[in-house]
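J.:
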Amino acid sequence: MIKFNKLAIIVVMVLGIVACDDQSERARDEQSKVIPHTETKVEQIKHSEKILQKEAPLDAESFCKTMSVETWFAFDEASAEPICHQVKFYQLKDYQCDISKHAFGLHEDAIYIEKGAHRIFAYPIEKQCLDALDVRDSNAP
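Note that our numbering has the sequence shown beginning at 0, numbered continuously upward.
1. Mark leucine 6 as exposed unless 16 or more other C-beta atoms lie within 10 angstroms of its C-beta, in which case mark it buried.
2. Does the count of Cβ pairs from the region 79-90 and the region 99-108 closer than 8 angstroms reach three?
3. Enumerate, from N- to C-terminal direction, the unbroken beta strand (DSSP E) stretches of 3 or more residues contained entirely within the region 73-108.
4. Could you round the C-beta distance between cysteine 96 and isoleucine 110 to whole angstroms and report it? I think they count as a contact, below 8 angstroms.
5. Measuring CA to CA, which of Ile98, Asp108 and Glu69 is closest to serine 61?
6. With respect to the alpha helix (DSSP H) encompassing alanine 131, which residues constitute its N-terminal and C-terminal limits?
7. Under a three-way DSSP split, which group does alanine 116 fall into?
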């Protein structure tokens with residue numbers, strides 16, 4: 000009976016170790032899957048910022064046709080209480096697009112999108128959008 004209890008304890012311990020090892024492998028696999036996606040997003044943001052900060056004048060029309068700003072962050076200045084959302088939130092189809100140099104007196108340029116009553120300022124990253132919104136709100140009457 001004592002040998003059986005020792006054997007049972009050893010088996011339970013081995014199963015516990017195997018189960019823990021399997022979970023740590025899954026966690027490592029999930030982490031390794033997330034990292035490349037994050038790097039890709041960072042690369043996209045850097046690419047977008049480089050395009051906006053070129054010294055040569057940008058042709059707004061060609062920029063708006065070639066660059067997808069759907070995942071950029073923007074706020075509608077015409078809104079009573081503007082909030083930063085991704086551009087796709089506004090569900091815009093045909094719109095006029097321009098580049099607003101140093102919008103709201105900030106160092107970053109914005110993409111200005113106009114469609115009907117919407118006056119949208121878009122930025123490649125959310126922090127830039129929030130900063131612009133803060134400056135805009137502080138200057139509002």
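Where is the CB? At the ideal position from N, CA and C, for every residue including glycine.
T.: Here's the rundown:
1. Counting from 1 along the sequence shown, the entry for residue 6 is found at position 7. Burial call: exposed.
2. In short, these stretches do not touch, since the Cβ pair count stays below three.
3. Taken in chain order, the whole beta strand (DSSP E) runs of length 3 or more contained in the region 73-108 are 95-99.
4. The sequence position of residue 96 within the sequence shown is 97, counting from 1. The sequence position of residue 110 within the sequence shown is 111, counting from 1. About 6 angstroms separates the two Cβ atoms, so the contact holds.
5. What you label residue 61 is simply residue 62 of the sequence shown in a count that begins at 1. Looking only at Ile98, Asp108 and Glu69, the smallest Cα-Cα distance to serine 61 is reached by Ile98.
6. In the sequence shown, residue 131 corresponds to position 132, counting from 1. First-last of the alpha helix (DSSP H) with alanine 131: 125-138.
7. In the sequence shown, residue 116 corresponds to position 117, counting from 1. It is coil, neither helix nor strand.
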